[in-house]
Amino acid sequence: MPWLYRVRLSRPTWIASKGAQLSISEERTIRDLVLPALDRSDWGPSAVTRELPITAGRRMVANGRIRKGERLHADLALLHQPGASATGHPISVVEVKRTVRDERTGVQQVKEYGRLLDLPLVYATNGRRIIEVDLAAGTQHEVDRFRTPLELWQNYRGIRQLNELGVRLFEVPYSRDVLAGSSVKELRYYQHVAIQRLLQAIASGHRRLLTVLATGTGKSFLSAQLVHSLWAAHWPRGAAAPDPRPRVLYLADRDVLVNDPMVREFRPIFGEEDAVRVRGGGTQTQARINFSSYQALDSGELFAQYEPTWFDLVVIDECHRGSAAANSQWREILDHFTGAIHLGLTATPRADAEADTFEYFGEPTYQYSLKQGIEDGFLAPFEVARVLLSTDLDGVTIEQGTVDDEGVVVPAKTYKPRQLERKLVIPARTEEAAGWLSRHLASTHRMAKTIVFCVDQDHAARFAEAIGNLNPDLMVEFDSEWAVRITSDEGERGRVLLGRFQNAFEPVPVVVSSSDMLTTGVDASTVRNVVFFTPVRSMTRFKQMVGRGTRLAEEQGKEFFTIVDFTGVTGLFADASFDGLPVRNTTTTTEADEDPAGEPIEIIDEVDGNEEPEVAEPAGGFEVEAGGVIDAPGFPDPGDGCIVDDDGTEDEINDRGSKHVVRGIDVTVLGEYLYVVEPDSNFRLRAIRIESWAKQQILELGLDAGDLRRQWADAVSRRALVDALAAHLPFTMEELAQRLGYADADPLDVLLRLAYGMPLRSRSDRLAQFTRSQQAFLNGFAPEARRILEMILDKYAEHGPGDLDPRILAVPPLSDEGSVVEIASRFGGPGAMRAALDELTRRLYEAS
Numbered sequence: 005m006p007w008l009y010r011v012r013l014s015r016p017t018w019i020a021s022k023g024a025q026l027s028i029s030e031e032r033t034i035r036d037l038v039l040p041a042l043d044r045s046d047w048g049p050s051a052v053t054r055e056l057p058i059t060a061g062r063r064m065v066a067n068g069r070i071r072k073g074e075r076l077h078a079d080l081a082l083l084h085q086p087g088a089s090a091t092g093h094p095i096s097v098v099e100v101k102r103t104v105r106d107e108r109t110g111v112q113q114v115k116e117y118g119r120l121l122d123l124p125l126v127y128a129t130n131g132r133r134i135i136e137v138d139l140a141a142g143t144q145h146e147v148d149r150f151r152t153p154l155e156l157w158q159n160y161r162g163i164r165q166l167n168e169l170g171v172r173l174f175e176v177p178y179s180r181d182v183l184a185g186s187s188v189k190e191l192r193y194y195q196h197v198a199i200q201r202l203l204q205a206i207a208s209g210h211r212r213l214l215t216v217l218a219t220g221t222g223k224s225f226l227s228a229q230l231v232h233s234l235w236a237a238h239w240p241r242g243a244a245a246p247d248p249r250p251r252v253l254y255l256a257d258r259d260v261l262v263n264d265p266m267v268r269e270f271r272p273i274f275g276e277e278d279a280v281r282v283r284g285g286g287t288q289t290q291a292r293i294n295f296s297s298y299q300a301l302d303s304g305e306l307f308a309q310y311e312p313t314w315f316d317l318v319v320i321d322e323c324h325r326g327s328a329a330a331n332s333q334w335r336e337i338l339d340h341f342t343g344a345i346h347l348g349l350t351a352t353p354r355a356d357a358e359a360d361t362f363e364y365f366g367e368p369t370y371q372y373s374l375k376q377g378i379e380d381g382f383l384a385p386f387e388v389a390r391v392l393l394s395t396d397l398d399g400v401t402i403e404q405g406t407v408d409d410e411g412v413v414v415p416a417k418t419y420k421p422r423q424l425e426r427k428l429v430i431p432a433r434t435e436e437a438a439g440w441l442s443r444h445l446a447s448t449h450r451m452a453k454t455i456v457f458c459v460d461q462d463h464a465a466r467f468a469e470a471i472g473n474l475n476p477d478l479m480v481e482f483d484s485e486w487a488v489r490i491t492s493d494e495g496e497r498g499r500v501l502l503g504r505f506q507n508a509f510e511p512v513p514v515v516v517s518s519s520d521m522l523t524t525g526v527d528a529s530t531v532r533n534v535v536f537f538t539p540v541r542s543m544t545r546f547k548q549m550v551g552r553g554t555r556l557a558e559e560q561g562k563e564f565f566t567i568v569d570f571t572g573v574t575g576l577f578a579d580a581s582f583d584g585l586p587v588r589n590t591t592t593t594t595e596a597d598e599d600p601a602g603e604p605i606e607i608i609d610e611v612d613g614n615e616e617p618e619v620a621e622p623a624g625g626f627e628v629e630a631g632g633v634i635d636a637p638g639f640p641d642p643g644d645g646c647i648v649d650d651d652g653t654e655d656e657i658n659d660r661g662s663k664h665v666v667r668g669i670d671v672t673v674l675g676e677y678l679y680v681v682e683p684d685s686n687f688r689l690r691a692i693r694i695e696s697w698a699k700q701q702i703l704e705l706g707l708d709a710g711d712l713r714r715q716w717a718d719a720v721s722r723r724a725l726v727d728a729l730a731a732h733l734p735f736t737m738e739e740l741a742q743r744l745g746y747a748d749a750d751p752l753d754v755l756l757r758l759a760y761g762m763p764l765r766s767r768s769d770r771l772a773q774f775t776r777s778q779q780a781f782l783n784g785f786a787p788e789a790r791r792i793l794e795m796i797l798d799k800y801a802e803h804g805p806g807d808l809d810p811r812i813l814a815v816p817p818l819s820d821e822g823s824v825v826e827i828a829s830r831f832g833g834p835g836a837m838r839a840a841l842d843e844l845t846r847r848l849y850e851a852s
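Here our numbering is used: the first residue of the sequence shown is 5, the next is one more, and so on.
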């Protein structure tokens, strides 16, 4: 069958009506005008791709509900195709508008596409006129034709300064051997751009490269495709060499960061024989892609058994750790492999006096931030629940003579929030936090996977115990594995539990408490709650911890996650460096440093020494400015949970290694607020009050209480009303009632209470009132028909208005009364039965 767009048109196609020229649709514009114009410029059918996907559409979350924005796609992508290849990479895109629209209507749109796709030249057209936008030159002009493939490629190559090697690398198609479920794992636009920038840098002779990609955006997949491109292009030795394949070393400081990319990304492309772990007892000379932890290479100086020029490329995952510090003993490994290109991958580069990622690798070749990932719809958005415990408002004052669990006198003083769990352990505080989280899970999803970051291993153990005790039914059902602690102390059992937690198809563990072990390198796509029950000072660490929830798992229904903050740590969102590259800093925080208020800062090592060993990463000198974004009555400044004024008492300093466990202190939740990220902001949080928000939306419908009752009583108008509210409220009426603690109330009564302040009553109360006032109505039916109506009312009282529907007749116990036809016959037929149900509903809702 011939390609439709090869049909040449002598003139535009128009639809005439009463002398006016009307537009043809955008689809017909493409088919009848734009594709023939491209054909005249020698763009063959295989070189033009329709509907090139760019973004996935931003997800907006509020109160546990998701709304999806529009996906971005380019109408047409023009591909560079070397030789007779049927594949290629985009070198331009075309945005098409209907003929009736101005040709410049799509200019801003296509500029954005070009910026995202890193294209120097793009087009906008309405089929009659063509606007050529030169992003490299910053100009745009109307032209009479599209550039030919050769002209466009020469422009692209010149702007990108591609030498012969650069051209060879660009022309390699990506591997399609990696599967996501049952389909090919396609590269996203930013991964394509990052790979091409890295290939261009390699072709230009750069020896140290850095790519910064937000957690969950596929750094290991990107690196596998990069190596594939080098492999297929016979870099660096050329096709004539006996074995032109590059030799690659993939380095990380944790086993999980080494094994996961090897198994999931590299082996599907290169096979098991060429993607292997480095082992002791001699160097690997056959396998081309070697994976190792720093620890393994450093053991017995195994790395020294390799020649410095053996590897062509060293990929360093999480490069902000490991050898980031100039004086790190593991920097010696990188220094040994002087003949290789060093590529650093990270989501959180560091720039401080202790470790400077940029000092070693230079500026990033490409950066893709968390904010951009959320806006593009590739990462999960989040809501923030701030929970203020009474102990965390001003601290805890210990009176003279107080003794701890061991009978030891506790120093009398006020312990600030940051000292809790470090110096002063209050079991009731952990139990209260566990209680809040338990209630949150009960109101959302009790099987929602949750990571709880605690102060240390002891704190993590007590939290797992506390929340497990509050959910004994689930602990029994899942053999005590619904809530567990995962730290290095668990050894092999902990690793097994972690693997199951990461597996999207394993139901348990659900609640996992830890201190430092899960802050990074844990790819658990179904995590729905990230809980901060520890203060965090390091911006790098905070970003890594938040990143545990950013992965999407649409097939499992996970499209957003909730951050639960007990310590005020989410005040760090207010810092501009949260979603940007860190500003290089030449000073280090010491005990003499001061916060913005001029008070000394308590310096406490944040890394639990009992956790899995990795390169020591100093906490650094991050500080939070006063006056953060989150401004809720009764809450301390966001920085209070992160930077704490220490009174500097001598006994506190000398006795830093001990803890006092004190019982009998009352702990309560003083307040809780829900926040969402403001659209188009740099993670500015906006407080959400469900009651006032819902009330506003209801009142905007312009209904009084009587109108609301009447519309709710009629099935058709009730559906219209629900649809109208759904356009503004990102949750169902049932979910609204549940979130407000009114789960046993009819949604109508919830709306009446919110909008008009009317007393709230349960569905059982409404049914009782109906029964008292509507006996004559019920007695008007034959006994068998009345029995059916009473059974429907019982179902309503138990489950809600969804059961006031004829479809309930097909569900037990009503289905036990006979078929729908048989039941309808008790009323005199289907029409009479429906009329009876409609009247029942109207009277039920009009009962006062």
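Glycine included, every Cβ here is placed at the ideal spot set by N, Cα and C.
Reduced DSSP category for residue i - H, G, I as helix; E, B as strand; rest coil
{"i": "Q700", "result": "helix"}
{"i": "Y178", "result": "coil"}
{"i": "P810", "result": "helix"}
{"i": "H238", "result": "coil"}
{"i": "F467", "result": "helix"}
{"i": "R390", "result": "strand"}
{"i": "F536", "result": "strand"}
{"i": "Y4", "result": "The first residue shown for the chain is 5 and the last is 852, placing residue 4 beyond what the model contains."}
{"i": "K115", "result": "helix"}
{"i": "P57", "result": "strand"}
{"i": "N331", "result": "coil"}
{"i": "V52", "result": "strand"}
{"i": "Y310", "result": "coil"}
{"i": "V262", "result": "helix"}
Exposure label - residue i; buried when at least 16 CB within 10 Å
{"i": "V531", "result": "buried"}
{"i": "Y849", "result": "buried"}
{"i": "H803", "result": "exposed"}
{"i": "L154", "result": "exposed"}
{"i": "G835", "result": "exposed"}
{"i": "V680", "result": "buried"}
{"i": "H232", "result": "buried"}
{"i": "Q548", "result": "buried"}
Presumed contact (8 angstroms Cβ cut-off) between residue i and residue j, rounded CB distance
{"i": "L125", "j": "V137", "result": "7 angstroms"}
{"i": "A432", "j": "F537", "result": "Contact flag wrong, Cβ pair sits at about 14 angstroms."}
{"i": "A198", "j": "Y372", "result": "7 angstroms"}
Closest residue to residue i among the options (Cα-Cα distance)
{"i": "F577", "options": "A279, R281, K375, D356", "result": "K375"}
{"i": "T566", "options": "L674, K663, L678, D527", "result": "L678"}
{"i": "A854", "options": "G804, I827, E802, H803", "result": "Because residue 854 is not part of the residues shown, which for the chain are 5 to 852, the question remains open."}
{"i": "P421", "options": "D408, T401, E410", "result": "T401"}
{"i": "F457", "options": "T523, M451, L502", "result": "T523"}
{"i": "V526", "options": "S518, V512, Q506, S517", "result": "Q506"}
{"i": "D122", "options": "V665, M795, S96", "result": "S96"}
{"i": "T672", "options": "L166, G439, V429, G242", "result": "G439"}
{"i": "F150", "options": "R552, S227, D46", "result": "D46"}
{"i": "L37", "options": "I58, K72, L80, N331", "result": "L80"}
Sequence-distant residues of its chain with Cβ nearer than 6 angstroms to residue i (five each side left out)
{"i": "L502", "result": "I490"}
{"i": "L383", "result": "G220, G377, T554"}
{"i": "R846", "result": "A717"}
{"i": "T653", "result": "At T653, the pLDDT of 35 sits below 50, so the modelled position is not reliable and the matter cannot be decided from this model."}
{"i": "Y254", "result": "F295, V319"}
{"i": "T434", "result": "R466, F467, A470"}
Chain D contact for residue i (CB, 8 angstroms cutoff)
{"i": "R791", "result": "Absent here is chain D; the protein component of the structure consists of one chain."}
7 angstroms CB neighbourhood of residue i in its chain, flanking five on each side removed
{"i": "Y746", "result": "V754, L764"}
{"i": "V824", "result": "L813, A814"}
{"i": "E175", "result": "P86"}
Residues near residue i by beta carbon distance below 8 angstroms, same chain, minus five either side
{"i": "V413", "result": "G405, T406, V407"}
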